[in-house]
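In the numbering used here, the protein residues as written are 79 to 483. Built from N, CA and C at the ideal position, the CB exists for glycine as well. These notes concern the structure reproduced below.
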């Protein structure tokens, strides 16, 4: 996605309007030249390429667009990681310190003596001494892109960059495809974005994704997760999203406005984001499969809590486990999910979701608003605590307890 210094937008009557690119001849030409530059740079060092690309970018009348294109291409490049030069530096510095007891006449003489002491030619020592820095990485592969695809990625990355300061997001999905909806909710869950999920009387799926609101570190991380959800959301046939974001520019140092996005903008999603599964969740499931061979795991089923005239609220579990003839769903709550957790414990207390187990990150469980609820009957029966990743033992105790009822 684009960083703050690359964002292009307008402030218009309290709205933040992204300046999306069209495939004009000038934009297509610029995209093609930058794509070709990096494709031709395979085998060269990163630092040299980053210096050489500057004149190409400065040929554009819109330098900020060129820099945005260049960043997206660079993000897709693969560089060979250089071998560590730490040992060579240690040996060279030790040799240099020893030789300073009898200083050479010139710095070149001293450099030559140090190189000889470590068994290298002076020129080779200069090249290898800091050869593990990013500038010395060698380009192995450049992304295979068309100009049109780069422009599509730019527009999506621009909107993602604007979303980074959002603390909440309201989404409506009119696409009736059940498979698309299920994959979107799965992507939502795997981004650790808990939301109030409703299907209204007209069949529109509505997501109210709320963030942590106060702690800056958590809010920043949550904004990143919201931004990373956008490529999945844009895969839907019909959707709208709205968020309050904070932006700054040379004209307006800092301002808050409403960002409204929808399928009507022509944003092109990335289906790869629909299949994203956090590595820690994959590792947890593999551990559980090995530890509990009698358990059966399957794709979590959406759980509906009826809400009268408002339609039904959907619960999106992280895991679904069948044991002893009972199916138990597991939902995990992280440190920024306090508001959702309060609501969920209330639903468990009222017996609305009898076969749901919930895991709560300890950092959240210790917070003043949540700590009293951890002692409630609903949590004692349905819940367990974890640090970064749920422990198999704590999860298993809760699952087995619920499966026996």
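Residue from the options whose Cα sits closest to the Cα of residue i
i           : options               : result
residue 143 : 181, 168, 232 and 184 : 232
residue 287 : 414, 195 and 362      : 414
residue 363 : 197, 439 and 471      : 471
residue 149 : 166, 249, 82 and 367  : 82
residue 306 : 342, 334, 424 and 268 : 268
residue 79  : 166, 145 and 92       : 145
residue 67  : 395, 403, 446 and 391 : This structure does not reach residue 67, given that the chain is present from 79 up to 483, and the question cannot be answered.
residue 401 : 412, 427, 418 and 371 : 371
residue 479 : 448, 351 and 405      : 405
residue 411 : 460, 91, 134 and 238  : 460
residue 455 : 356, 475, 429 and 328 : 429
residue 279 : 84, 127, 427 and 391  : 391
residue 443 : 433, 425, 417 and 426 : 417
Proximal residues to residue i (C-beta, below 8 Å), its chain only, five neighbours per side dropped
i           : result
residue 122 : 216 and 217
residue 97  : 86, 87, 88 and 236
residue 317 : 249, 250, 251, 252, 253, 311, 340 and 341
residue 440 : 463, 464 and 465
residue 174 : 188 and 192
residue 120 : 217, 218, 219 and 220
residue 352 : 261, 262, 264, 265, 310 and 313
residue 506 : What is shown of the chain runs 79 to 483, which leaves residue 506 out entirely.
Beta-carbon contacts of residue i that lie in its chain and below 6 Å, excluding the five residues immediately before and after
i           : result
residue 387 : Residue placement at residue 387 is poorly supported in this model, since its pLDDT is 46, which falls under 50; the coordinates still yield a value, given next. There are no such residues.
residue 200 : 189, 190 and 193
residue 283 : 251, 259 and 277
residue 291 : Reliability fails at residue 291, whose pLDDT of 46 lies under 50, so the model's placement of it is uncertain and the value that follows must be treated cautiously. Closer than 6 Å at Cβ, skipping near neighbours: 245.
residue 304 : 241, 244 and 247
residue 326 : 332
residue 477 : 399, 406 and 435
Chain-order list of residues whose beta-carbon lies under 7 Å from that of residue i (same chain, five-residue window excluded)
i           : result
residue 294 : Only weak support is given to the placement of residue 294: the predicted model assigns it a pLDDT of 37, under 50, and the value that follows is read from those uncertain coordinates. Answer for residue 294: no residue qualifies.
residue 170 : 192, 196, 203 and 207
residue 451 : 420, 423 and 457
residue 349 : 313
residue 379 : 398
residue 346 : 230, 234 and 312
residue 226 : 101
residue 474 : 370
Beta carbon of residue i nearer than 8 Å to that of residue j
i           : j           : result
residue 229 : residue 308 : no
residue 409 : residue 376 : no
residue 94  : residue 336 : yes
residue 210 : residue 160 : yes
residue 393 : residue 431 : yes
residue 134 : residue 112 : yes
residue 281 : residue 213 : no
residue 147 : residue 104 : no
Residue i at chain D interface by Cβ criterion, 8 Å
i           : result
residue 416 : Structure shown: chain D not included; a single protein chain is present.
Quiz item: Which runs of the alpha helix (DSSP H) fall wholly inside the segment 249-316 and span at least 4 residues, in chain order?
Solution: Runs of the alpha helix (DSSP H) inside the segment 249-316: 256-268 and 294-311.
Quiz item: How do the segment 219-229 and the segment 136-155 stand: do at least 3 beta-carbon pairs fall below 8 Å, yes or no?
Solution: With a cut-off of 8 Å, the segment 136-155 and the segment 219-229 count as touching, because enough Cβ pairs lie within range.
Exercise. Jot down the residue ranges of each uninterrupted beta strand (DSSP E) in the segment 362-416, minimum 3 residues, whole runs only, in chain order.
Key: If we require 3 residues or more, the beta strand (DSSP E) runs fully inside the segment 362-416 come out as 381-384, 390-393, 397-401 and 404-411.
Quiz item: Can we say the segment 247-262 touches the segment 317-336, given the rule of at least three CB pairs closer than 8 Å?
Solution: Contact check between the segment 247-262 and the segment 317-336: three or more CB pairs, one atom from each, fall below 8 Å, which counts as touching.
Quiz item: Could you give the uninterrupted runs of the beta strand (DSSP E) lying entirely in the segment 128-193, keeping only those of 3 residues or more?
Solution: Taken in chain order, the unbroken stretches of beta strand (DSSP E) that lie wholly in the segment 128-193 and span 3 residues or more are 156-158.
Quiz item: In chain order, which beta strand (DSSP E) runs of at least 3 residues are fully inside the segment 204-230?
Solution: Qualifying beta strand (DSSP E) stretches, in chain order: 216-219.
Exercise. Would you list, in sequence order, the uninterrupted beta strand (DSSP E) runs of no fewer than 3 residues that lie entirely inside the segment 424-452?
Key: You should have 434-439.
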